[in-house]
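Shown next, in structure tokens, is the structure this report addresses.
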Amino acid sequence: MITLLQWNINGYVNNYINLELLMGSHNPSIILLNETHLSYNASAFTPRAYVGYFINLPHNTTNKQGVAILVKRNLPHVLLPIPLSIFSSVAIEILAPYKISIICAYSPPDQSFSTTEFLNLIPSGSNPFILCGDFNAWSPLWGSASANSKGRSIEDALLRSNCIVLNDGSPTHFSTHSTFTNIDLSICSASLSSKISWCCIDDLHGSDHFPILSKISTSRPHSFFKPRIRFKTDSADWDRFVEACFSHSRYFPFSSNINQEASRIQKIIRSASNYSFPLSSSKPVKLAPLWWNNELSALRNLKQIAWHQFKRLRSSANLIAYKKSNALFRHKAKAAKVHCFQEFTNNITSSSDSRKIWTDIKRLAGLSPSSPITYLNTPRGTLLYPKDIALEFATHFSNISLDSNFSSDFSSSKLSSLCSPYLPPSTLSQSAEYLDADISELDFNLALSSVKGKTPGIDKISYLIIKHLPPFLISRLVKLYNSIFLSGNYPVLWKTSAIIPILKPGKPPGVVSSYRPISLLPCLGKLIEKIIATRLAWYAQSNNLISHNQVAFKRGQGTLDALLHLDHFISDALSHKNHVSILSLDFLKAFDRIGIHVVLRQLSRWRVGSRIFNFVKSFLSNRKLSVIISNVSSSVLPLDNGTPQGSPLSVILFTIAFDEISTILSDFVTIRHQIYADDLILFSKTSNLTSVTITFSEILLRLSRWSSTSGTSISFPKSKLFHICKKHQCTIPTLTFDNTNILCTDSIKFLGIVLDSKYTFKKHCQYIRKRLFVNLNIIKYLSCKRSLIGSALLVNVTKALISSVINYGLEIYGHHSKNHLKMLAAPYHSSVRCSLRVFPTSPIKNILTEAGLPSLKDAVEDSLNKLYSKLILSTNFTIKKDFQSSLCRKRSPKIPSSIFKSALFAKTNELPLKILLPWSKYIPPWKVNESSFISDLTFLRKSITPSTVYKSRFLELSAHFKSFGWQFIYTDGSKSSHTSFAVVDDNQQRISYGLLFPFCSIFTAEATGILKAVQYAQQNLGKFIICTDSLSCFQALKNRSNYNDVIIGIRSLLFSLAHRLKIMWIPGHSGIIGNTFADSVAKEVCITPTTTSALFVKSDIKRLIIQQRSTKLALDWMNYRHHYSRINSNRIKPSFPSSLSSNYIIPYIRLRIGHSIITHAHILNGTQINQCPFCDSDLNLLHLLQHCPALQTHRLSNFNNTDPIILLMDPSSNNISKIYNFLKDSDLLRRI
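Read the sequence shown against UniProt numbering and you will find it ends at 1232, with the numbers running on by one and no gaps.
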């Protein structure tokens, strides 16, 4: 471990005493000092254990500025020469155990510098480096409120280089204006970033700058941790497990007592698991890199044995044996690293948190990502023992929901609700009956297939173990679920949560409030909770019981729905020169405090059956928790209120309870609102601001009263008032409630989008830009020279970490902030360059095409166009109404909304402006009957089954069904220049046929044909079997998680006609007469005048947008004058062979793009254009590849008269190798 102390000492001599104190406290290996106030060539006293290097600029003869590096004498190092520049700077190179360059620099406040001058501070070569200094540069990237010219120069340098800022946003300077600023920077190379920890010491120590500590891990730490004991299912013997379940079930027979039966089933599974699976060790284990495995341990031992044999007997045979074993170990270790990194990058998605990714990167490097909780500060003193720490956490989490911490109104309402028996309606609706239906094994399997996660609860039973339970035990478990559901008695065993505290980012580790709880619940209980949650969500949405203003946890809806409506409202108000007043309310720990009686009150209003009501009542009552610290559990404490974290049922129950707010707000007709879970925003476009403020006060009074009885609590200090208008000055009345002024701000963040007072989204673009730089650091690390990841995977990481951040809400802010959108272009383009590892000056158009990514301008337009399918098929009443109103507008508004832009796209492309779906409600997913599908022919493998076998088997099945009065209908779809479908009967009579939009897929055509056949069966008497040759449609209908709109329509009608309608898959082109006739009719429709059906799905609109974008880009590409347009004439993203390493592919990509070190380094260096080093001609890549006479011999030996441009067109393994060998033979490889 090497410790760096960085500090603007503000006078070396005057502040030397405080420097000694810092050295005594932190024992730094290297000390980097700014403003030593020592003149040029002046010497100073150096501590005995250190060697000192003091530097100041030659022209600075006064005691100002100056930098110094103090290095411990026992640390091997050399002083590096630095070219003369405007900076005061000094650099050394240390060996610990690899070479690291350390640079200390200073720039006074009145000095300016360019990006190139700053980049010149970075040493050339491949060694990692750290650059530290006070640059007096401001930028939001490292925590400043704004950016100055120096900050912008450093931002550009970060984009053009593989550097990362280590600052975490902490202030580093206390200015003379009594304000904190962030001007001391620590910058390192990307390859070193995973091994450095950075922190700012919160004490000035006599200076006006805070000291900064950076610690470099030079070897893997010997850290140990005590893991939780769990079953090692990777080494499971599943056959033995099934046998053990049979044998142990005899010792635990069925019990009618629910708690006892739940305990017995758990004991059966636990006993069988103990018998069949090894247990992980509870002993403290040494942390190893994630890529390390048992094979590498064995190979390392063999290598050590070979080495010791060679030392005992130094023969050639022993030396060769050692070298072979060492080479094999290194080969396997590198392969394991590559595989682990590939898996790591494949798991990075748009929802991945950058902090979690950095943690995983440190684990891949073999570093400890976090330390266990070893102490906790409390009013009673510091706790050190895990048992005491666990109890303190348990008490803290329990107190949040204790009944004694709530008002008397809350307690009386809760007591009344719990003591009063539920009186269900005398007659339940059909949907309520579905809700109370028995749980089947189909429900169980559907829930089990949809759950995620590997972590078990306290009982150590994971989902993987449950998936391997034998059928008899699954039946017994389902029987228990039905007993629970029928009696309304949830097992006590499943009500206890195991809580693991996780430190919040940037919080001090010794404070209990710095941790958030992660709850682990028994998987056996979570499965029945998942089943009930699915039913409640369906019941609420199919009956429109939850307000359309609440968009959380509704299928097909989300944050974008709320943002679209808000954008449409604000745009319309500003177009009419109105004011928009917004009130954002913050609820404290709403999920943890909501009362059970609020949920039950809502369920009673919904007129649900007694089963579901009593189940929820028992589920939320008498819950408990236990906190685990270092594998030590606290005592069990009560959880009186709130919905349990980690439960699949928690979010829907909270949404049900929180919906009472929408009922309250519906009384205020001038106020609109949107809710996502517990995020509530109120808005109005009334010009009388005083009136709006009065209304907001009334709403706060009503919500405050509701909060006192519901358990929630509004945090008035965290709530914000916000105003949008186009006036230069606008007086906003003060909003006060309960003697607290609601803060009035000039910006507000709602669902990840930052709104500003002029609705220009400038602050949102600044917020996004800062996030992009954070994620760009990850891509820089993954793309550094020591990385083992290919460009294809890096492009996928770029999509997940960069494109996803930009694309979220792009429909909203993209067209409003065309000028401000430019500030996102630089980090976006830099991330693409890093992922491809191209030269920094490479043309933007080339690299975006090579990566298969759109420009920001195209992304904005496409995102707006894609909205059409969402709006036209939306289940959200609010945005559907906004869309219809936009379609009716004849004049474009002054400030068009995203919804209006999408309506304009629909009109321009003559798309349907309204679609009437042939179904009104979604059927319960657990009610789809398997008997409605005839799957006999799907069991025959099409690749090895002759058509005659298929035909013979079909004739047998058809004869059997026809004997019982079933009639056969055949459907088919066709896709050529047009898309069509056809429906015929067994007598070769046409039932229905028609065209679809040309952009519709063959899947949509096949599904439309089935839908028309189902509608025909609905309108006619008799029993029908619909035969389709589309296996994808057949499987989609059986998949209850498929929510394609046409598929839903078919499934809904199929459910209502279950007794006289079935669907059967048959193979196409197998001689089945009905199928052959349907196929011919579908193809004839394309050349026969007929009507066009308005049915399509969202993926069809996406296909249309891709086609339009491709056409526009093709026209633009024709006028592009660059050799890359010849190499990639079709603008296709290349696919590189996975067998080749990045060392081969990187120079190949650079030659395709057209920019390299030898041809374009002068742009970065600010020098003259280089001449060819071989023939002094004008230099470009085409000259080197085709025309340079000095390289003719190498061209002939490697290309064999083949034009190298042809080789660059086809990225095959052979072509890439030829290019690589040519560059290597001609000594150009290092210059590319």
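Ideal Cβ placement from N, Cα and C applies to all residues, glycine included.
Rounded straight-line distance, which links the Cα of residue j to that of residue i
{"i": "VAL1081", "j": "ARG990", "result": "8 Å"}
{"i": "PHE839", "j": "PRO827", "result": "15 Å"}
{"i": "LYS894", "j": "ALA903", "result": "16 Å"}
{"i": "VAL692", "j": "SER431", "result": "41 Å"}
{"i": "ASN34", "j": "THR1159", "result": "38 Å"}
{"i": "ILE724", "j": "LYS685", "result": "9 Å"}
{"i": "SER223", "j": "PHE683", "result": "Because the pLDDT of SER223 is 48, which lies under 50, any placement of that residue in the model is unreliable, and the question is left without a value."}
{"i": "GLY994", "j": "THR1092", "result": "6 Å"}
{"i": "ALA236", "j": "TRP292", "result": "21 Å"}
{"i": "ILE1169", "j": "HIS1183", "result": "14 Å"}
{"i": "GLU930", "j": "ASP567", "result": "44 Å"}
{"i": "residue 1320", "j": "SER449", "result": "Beyond the ends of the chain as shown, which are 1 and 1232, falls residue 1320; an answer cannot be given."}
{"i": "LYS727", "j": "ALA147", "result": "26 Å"}
{"i": "ARG953", "j": "ASN1044", "result": "31 Å"}
{"i": "LEU415", "j": "GLN645", "result": "23 Å"}
{"i": "ILE778", "j": "SER830", "result": "12 Å"}
{"i": "LEU376", "j": "PHE1096", "result": "59 Å"}
For residue i, the residue or residues it bridges with in DSSP
{"i": "THR736", "result": "ASN741"}
{"i": "ILE216", "result": "ILE2, ILE196"}
{"i": "CYS132", "result": "CYS104, SER186"}
{"i": "ILE629", "result": "VAL632"}
{"i": "GLU811", "result": "Looking at the DSSP assignment, GLU811 forms no beta bridge with any residue, so it has no partner."}
{"i": "HIS994", "result": "Sequence check: residue 994 is Gly here, not His. DSSP output for GLY994 lists PHE981 as bridge partner(s)."}
{"i": "ILE30", "result": "LEU4, VAL71"}
{"i": "residue 1239", "result": "Given that the chain is displayed from residue 1 to residue 1232, the structure contains no residue 1239 and the question cannot be resolved."}
{"i": "VAL90", "result": "CYS104"}
{"i": "HIS77", "result": "ILE94"}
{"i": "HIS1123", "result": "According to DSSP, HIS1123 bridges with nothing at all."}
{"i": "ASP756", "result": "SER747"}
Counted within 10 angstroms of its Cβ, other Cβ atoms place residue i as buried (16 or more) or exposed
{"i": "GLN1107", "result": "exposed"}
{"i": "GLN1019", "result": "exposed"}
{"i": "PRO946", "result": "exposed"}
{"i": "ASP1116", "result": "exposed"}
{"i": "ILE748", "result": "buried"}
{"i": "HIS209", "result": "buried"}
{"i": "GLN118", "result": "A small fix is needed here, since residue 118 is Phe in this sequence, not Gln. Counting Cβ neighbours within 10 Å, PHE118 comes out buried, since at least 16 surround it."}
{"i": "VAL78", "result": "exposed"}
{"i": "ASP184", "result": "buried"}
{"i": "PHE905", "result": "buried"}
{"i": "GLU433", "result": "exposed"}
{"i": "THR172", "result": "buried"}
{"i": "residue 1233", "result": "The requested residue 1233 does not occur in the structure, where the chain is confined to residues 1 to 1232."}
Proximity test, residue i beta-carbon vs the ligand MN heavy atom, cut-off 8 Å
{"i": "ASP1210", "result": "Looking for the ligand MN in the displayed structure turns up nothing, as the structure carries no ligands at all."}
Within-9 Å CB hit, residue i to chain B
{"i": "GLY1074", "result": "Of the protein chains in the structure, only one exists, and it is not chain B."}
- request: Pick out the complete alpha helix (DSSP H) segments inside the segment 357–416, 4 residues or longer, and give them in chain order.
  value: 386–400
- request: For the segment 35–53 and the segment 2–17, state whether three or more C-beta atom pairs, one from each stretch, are separated by less than 8 Å.
  value: yes
- prompt: Using 8 Å as the threshold, is the segment 532–542 in touch with the segment 464–478, meaning 3 or more CB pairs across them?
  reply: no
- prompt: Is there contact between the segment 1207–1222 and the segment 1130–1138, where contact requires at least three CB pairs shorter than 8 Å?
  reply: yes
message: For a minimum of 4 consecutive residues, which ranges assigned as the alpha helix (DSSP H) are wholly contained in the segment 407–477?
response: 408–419, 430–435, 441–450, 463–467
query: If we count Cβ pairs, one from each stretch, closer than 8 Å, do we get three or more for the segment 159–169 versus the segment 181–190?
result: yes
- request: Would you list, in sequence order, the uninterrupted beta strand (DSSP E) runs of no fewer than 3 residues that lie entirely inside the segment 527–605?
  value: 580–585
- prompt: If you scan the segment 603–686 from start to end, which runs of the beta strand (DSSP E) of 3 or more residues do you find wholly inside it?
  reply: 623–629, 637–639, 672–676, 679–684
query: Looking at C-beta atoms only, is the number of pairs between the segment 560–579 and the segment 375–386 that lie closer than 8 Å three or more?
result: no
Length at least 4, wholly inside the UniProt domain "RNase H type-1" (963–1087): the alpha helix (DSSP H) runs in chain order: 1002–1019, 1031–1038, 1045–1056, 1073–1085
- prompt: Touching or not, the segment 664–679 and the segment 608–617, by the rule of three or more beta carbon pairs under 8 Å?
  reply: no
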